[in-house]
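Working notes, structure below.
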Amino acid sequence: MHDLTLADIAKGLARGDYSSRELTQHYLSRIESLDRRLNSFITVTGEHALAAADAADAARQSGQAGILAGVPLAYKDIFCTEGVRTSCGSRMLDSFKAPYDATVVEKLKLAGTVSLGKTNMDEFAMGSSNETSFYGPVRNPWNTDLVPGGSSGGSAAAVAAGLTPAALGTDTGGSIRQPAAFCGITGLKPTYGRVSRYGMVAYASSLDQGGPMARTAEDCALLLNAMAGHDPRDSTSVARAVPDYTQSLAEPLKGLKIGLPREYFGEGLDGGVETAVRDAIKVYEALGAQVIDVSLPHTRLAIPTYYVIAPAEASSNLSRYDGVRFGHRCDAPTDLMDLYKRSRVEGFGEEVKRRILIGTHTLSEGFFDAYYKKAQQVRRLIRQDFLDAFDKVDVLMGPAAPTPAFELGNQADPVQMYLQDIYTIAINLAGIPGISVPAGFAGDRPVGLQILAPHFSEAHLLNVAHAFQMQTDWHTRRPALTADE
Amino acid sequence: MAIEHADVLRAAHLARLGIDNTDAERYVGDLSRILDMVDALSGIDTDGVKPLAHPLDATQPLRADEAIEPNRRDTYQESAPAVADGYYLVPRVVE
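As given, the protein sequences belong to chains A and B, one line each in that order.
Residue numbering for the first sequence follows the numbering used here, beginning at 290 and increasing consecutively.
Residue numbering for the second sequence follows the numbering used here, beginning at 455 and increasing consecutively.
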């Protein structure tokens with residue numbers, strides 16, 4: 290049952306092969322027996338899930354069930370869920386129960402989905418290995434000595450391990466696509482503004498975007514249908530019609546022009562990853578696509594630009610955690626300044642503090658023009674690279690990450706860790722959509738093919754990804770798991 | 455541009471992070487390496503390039519100045535570390 294795709298599950302529920310309660314119980318028991326080692330969930334909401342499953346089953350009995358009714362899923366613990374702890378992987382929010390649902394949570398509830406719980410993540414989504422979580426690292430189901438990637442590492446690991454058919458993630462610099470690649474699943478970062486950020490704990494507001502993580506592009510299409518759209522509560526969400534993303538999945542690809550950015554196949558790219566990605570591109574050539582060499586000349590500036598903009602926005606966003614209105618408060622503060630300073634230094638972990646300090650420094654008097662303004666100017670040049678490339682080609686393809694999953698505890702230097710996002714980070718700066726699809730293995734470690742498309746071309750992106758999954762079986766591979774002691 | 459001990463302490467104070475002298479020393483190295491990496495931007499010619507604040511160049515939409523959310527103070531205060539009579543409690547500010 291846990292090997293089924295979301296699309297299969299929806300059909301099975303519609304046929305009456307099983308009830309949502311049976312499905313939900315099945316996944317809850319898998320979490321119970323397999324997640325102690327993986328640590329992919331921070332909070333499992335079994336009772337809520339069974340109640341939602343019963344409601345979905347009742348709706349189906351009365352003929353009122355939509356396509357996603359009764360389908361289980363999980364939320365990265367960055368999405369506010371009313372009455373349920375929303376920790377963002379931080380000690381700061383360890384005791385925080387959100388007083389409202391994020392807009393996407395509300396929409397998916399209305400669609401009748403069943404939330405199994407909240408998945409582990411790098412603290413405040415800052416990390417590429419899921420090692421910065423207050424709740425401990427997540428392990429990669431393919432090999433538990435490896436990281437699952439980050440920051441949506443819990444969501445990726447849970448889907449890969451069959452603990453949930455799908456999960457939501459967020460992507461600020463690669464946090465959906467890189468863990469999807471490391472865990473051998475499909476993960477979509479939509480165009481900035483396509484999905485509401487209301488109720489999604491803010492990290493870097495001009496870059497953050499929520500998206501689906503599942504087994505297949507078809508499953509991502511089903512979820513995006515329910516998630517996308519304008520939200521008056523998020524002033525950056527875009528008022529633009531939402532197509533039915535499942536309708537165009539099977540369009541033929543003949544004549545598709547694929548650009549291969551030469552900067553994405555250069556120094557630092559693992560040989561096994563490169564081979565898998567180039568083999569994947571051959572599959573597209575066999576389908577009638579044309580491959581064209583392109584250049585994104587400002588690629589090497591994407592990480593420096595991001596590490597000015599994202600920490601600057603984070604230092605502002607995270608100033609709300611003051612120990613007064615919600616979140617961690619230190620014991621026995623002597624005065625208001627002591628309350629702020631100790632609550633914050635105790636509540637935040639190392640990587641979060643590093644980024645707050647960098648952001649505060651670069652925004653401070655005397656440094657603003659040299660750092661923040663400069664980075665915003667280079668950001669425009671980076672976006673222009675993509676706009677120029679999309680004048681020549683329909684989509685861009687390359688690796689989602691320069692290496693496959695690496696060993697836990699192996700990366701002590703923050704700057705080296707930041708280089709993990711070399712192929713994903715520019716996409717957030719440009720605001721375009723990107724997807725990672727399973728494209729084979731480097732040794733025993735999954736490899737993700739990243740596909741990029743112009744703003745608001747999610748339907749085309751999913752079509753291109755789906756065509757690959759009709760020709761290959763990488764997305765059907767499953768890690769061998771043994772139950773915990 | 456390198457970052458020095460005093461810069462770390464200044465940023466920590468501005469960010470209201472209680473980092474002492476010893477802690478600050480630890481951050482000098484990490485933050486300097488990050489800023490060295492960021493220095494790649496300084497040599498780029500950006501004359502006449504407009505800063506990009508929003509990936510779609512959108513501007514802030516405006517709406518009528520009307521209250522549209524109900525008052526949910528009691529619910530919100532359930533998450534607060536210390537409240538009394540609808541107020542948030544903090545250490546005494548004015549003697």
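C-beta: ideal position from N, C-alpha, C; glycine also.
Computed from a predicted model, the values in this text were never measured in an experiment.
For the beta strand (DSSP E) containing residue i, name the first residue and the last one.
{"i": "L312 of chain A", "result": "Premise fails: L312 of chain A lies in the alpha helix (DSSP H), S309 to L327, not in any beta strand (DSSP E)."}
{"i": "A507 of chain B", "result": "A507 of chain B -> no beta strand (DSSP E), and no H or E assigned at all."}
{"i": "G687 of chain A", "result": "V684 to P688"}
{"i": "G729 of chain A", "result": "G723 to A731"}
In the structure shown, what three-state DSSP assignment does residue i receive?
{"i": "L399 of chain A", "result": "helix"}
{"i": "L696 of chain A", "result": "First, the residue type needs correcting, since residue 696 of chain A is Glu and not Leu in the sequence shown. Of the three classes helix, strand and coil, the one that applies to E696 of chain A here is strand, per DSSP."}
{"i": "M381 of chain A", "result": "helix"}
{"i": "F554 of chain A", "result": "helix"}
{"i": "K407 of chain A", "result": "strand"}
{"i": "R374 of chain A", "result": "strand"}
{"i": "N717 of chain A", "result": "helix"}
{"i": "F656 of chain A", "result": "coil"}
{"i": "Y712 of chain A", "result": "coil"}
{"i": "L751 of chain A", "result": "helix"}
{"i": "M759 of chain A", "result": "helix"}
{"i": "V548 of chain B", "result": "coil"}
{"i": "V427 of chain A", "result": "coil"}
{"i": "V527 of chain A", "result": "coil"}
{"i": "D539 of chain B", "result": "coil"}
{"i": "A338 of chain A", "result": "helix"}
{"i": "L549 of chain A", "result": "strand"}
{"i": "A387 of chain A", "result": "coil"}
{"i": "R766 of chain A", "result": "coil"}
{"i": "L516 of chain B", "result": "coil"}
In the DSSP assignment, the alpha helix (DSSP H) including residue i goes from what residue to what residue?
{"i": "F330 of chain A", "result": "Premise fails: F330 of chain A lies in the beta strand (DSSP E), F330 to V333, not in any alpha helix (DSSP H)."}
{"i": "T529 of chain B", "result": "R527 to Q531"}
{"i": "R734 of chain A", "result": "Premise fails: R734 of chain A lies in the beta strand (DSSP E), R734 to L741, not in any alpha helix (DSSP H)."}
{"i": "V667 of chain A", "result": "K663 to K681"}
{"i": "M491 of chain B", "result": "N475 to V492"}
{"i": "V462 of chain B", "result": "H459 to L468"}
{"i": "V704 of chain A", "result": "P703 to Y707"}
{"i": "I298 of chain A", "result": "L295 to R304"}
Can you grab the Cα-Cα spacing for the pair residue i / residue j, in whole Å?
{"i": "P768 of chain A", "j": "L452 of chain A", "result": "12 Å"}
{"i": "L738 of chain A", "j": "A491 of chain A", "result": "28 Å"}
{"i": "R466 of chain A", "j": "P361 of chain A", "result": "21 Å"}
{"i": "A296 of chain A", "j": "D461 of chain B", "result": "54 Å"}
{"i": "S486 of chain B", "j": "D474 of chain B", "result": "18 Å"}
{"i": "R380 of chain A", "j": "T294 of chain A", "result": "34 Å"}
{"i": "K365 of chain A", "j": "R504 of chain A", "result": "16 Å"}
{"i": "E574 of chain A", "j": "T761 of chain A", "result": "14 Å"}
{"i": "Q350 of chain A", "j": "L397 of chain A", "result": "20 Å"}
{"i": "G655 of chain A", "j": "L471 of chain B", "result": "21 Å"}
{"i": "K407 of chain A", "j": "T332 of chain A", "result": "5 Å"}
{"i": "S526 of chain A", "j": "S485 of chain A", "result": "6 Å"}
{"i": "D658 of chain A", "j": "Q666 of chain A", "result": "10 Å"}
{"i": "R643 of chain A", "j": "D434 of chain A", "result": "26 Å"}
{"i": "D477 of chain B", "j": "E458 of chain B", "result": "13 Å"}
{"i": "E371 of chain A", "j": "I320 of chain A", "result": "22 Å"}
{"i": "V544 of chain B", "j": "F330 of chain A", "result": "34 Å"}
{"i": "Y542 of chain B", "j": "R633 of chain A", "result": "18 Å"}
{"i": "H749 of chain A", "j": "A565 of chain A", "result": "23 Å"}
{"i": "E520 of chain B", "j": "G476 of chain A", "result": "39 Å"}
If I measure Cβ to Cβ from residue i and keep anything under 7 Å in the same chain, skipping five residues before and after, which residues do I get?
{"i": "I714 of chain A", "result": "G462, G463, A591, I592 and Y595"}
{"i": "G416 of chain A", "result": "G439, S440 and E640"}
{"i": "E774 of chain A", "result": "Here E774 of chain A scores only 47 on pLDDT, less than 50, and its place in the model should not be relied on; the value that follows carries that caveat. Excluding residues within five positions, none has a Cβ falling inside 7 Å."}
{"i": "V597 of chain A", "result": "T651, Y660, Y661 and A664"}
{"i": "Y629 of chain A", "result": "D611 and G612"}
{"i": "P586 of chain A", "result": "D674"}
{"i": "Y481 of chain A", "result": "Q498 and G720"}
{"i": "E696 of chain A", "result": "D434 and L435"}
Short of 8 Å in beta carbon distance, which residues of its chain neighbour residue i, apart from the five on each side in sequence? Order them along the chain.
{"i": "R310 of chain A", "result": "L339, A342, D343 and D346"}
Keeping to the same chain, check which residues put their C-beta closer than 6 Å to that of residue i; ignore five residues upstream and five downstream.
{"i": "S494 of chain A", "result": "E602"}
{"i": "I647 of chain A", "result": "P600"}
{"i": "L545 of chain A", "result": "A578 and D683"}
{"i": "L317 of chain A", "result": "G335"}
Examine the ligand PLP and report whether any of its heavy atoms sits within less than 6 Å of the Cβ of residue i.
{"i": "C369 of chain A", "result": "As presented, the structure is devoid of all ligands, the ligand PLP included, so that no description of it is given."}
Give the list of continuous alpha helix (DSSP H) stretches no shorter than 4 residues that lie fully inside the stretch 567-646 of chain A.
For the stretch 567-646 of chain A, whole alpha helix (DSSP H) runs of length 4 or above, ordered along the chain, are 591-606 and 625-636.
Write down every uninterrupted run of the alpha helix (DSSP H) in the stretch 340-370 of chain A whose length is 4 residues or greater and which is fully enclosed by it, in chain order.
Qualifying alpha helix (DSSP H) stretches: none in this window.
Let me know the beta strand (DSSP E) ranges lying completely inside the stretch 442-515 of chain A, each 3 residues or longer, listed in chain order.
455-460, 475-478 and 498-503
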